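Heads up: the structure comes next, in structure tokens.
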Amino acid sequence: MRFFRRLASTTVAVTLVLPLPYEAMAHARVHAAEAEAQPEEPFGAACRIRVTGSHVTAYCHNPYPETDRVSLHVECARWWDLDSDGSEVNAGPAQTVRLSARCWKEVGSVWISHRRES
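This is the structure we're talking about:
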């Protein structure tokens, strides 16, 4: 009886140690299409946002050679205050643009959206 217990525990230990088939193992696979694809060039203007009371000002500088279309979005804190989505502004290569908006009372949140020029 003791022999079978040892044999059973040894069998379990061996099966846990044996490696899994290659297809079942988690590993990074590089497909031919991904290997041939060129890395995407960096894109997007760097933006600084300043909130002063109910006024929002953002400065976006685009250091890249491709034009970035930036837009300022402001969500006001009060439920009755209108949120605003600014129009898109072209930030050309090595250009800094200024975006501004305001709420009647407090500002809830602010963000900038980026889009490639089509």
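Counting with mature numbering (1 follows the signal peptide of the UniProt record, and there is no 0), you get residues -26 to -1, 1 to 92 for the letters of the sequence shown.
Cβ atoms here follow ideal geometry from the backbone N, Cα and C, with glycine treated the same way.
A quick note: this is a predicted structure, and the numbers were derived from the prediction, not measured.
Asked	Found
Separation of Val81 from Val25, as counted between CA atoms	8 angstroms
Residue burial classification, Asp59 (beta-carbon count within 10 angstroms, cutoff 16)	exposed
Burial state of Asn36 (16 or more Cβ within 10 Å)	buried
For Ala68, the nearest candidate out of Ile23, Cys34, Ser28 and Arg52 (CA to CA)	Cys34
Burial state of Ala2 (16 or more Cβ within 10 Å)	Residue confidence for Ala2 is low, a pLDDT of 46 falling below 50, so the modelled location carries little weight; the figure read from the coordinates is stated next. Exposed is the call here.
Contiguous beta strand (DSSP E) assignments of at least 3 residues, all confined to the stretch 1 to 74	20 to 26, 29 to 36, 42 to 50 and 63 to 65
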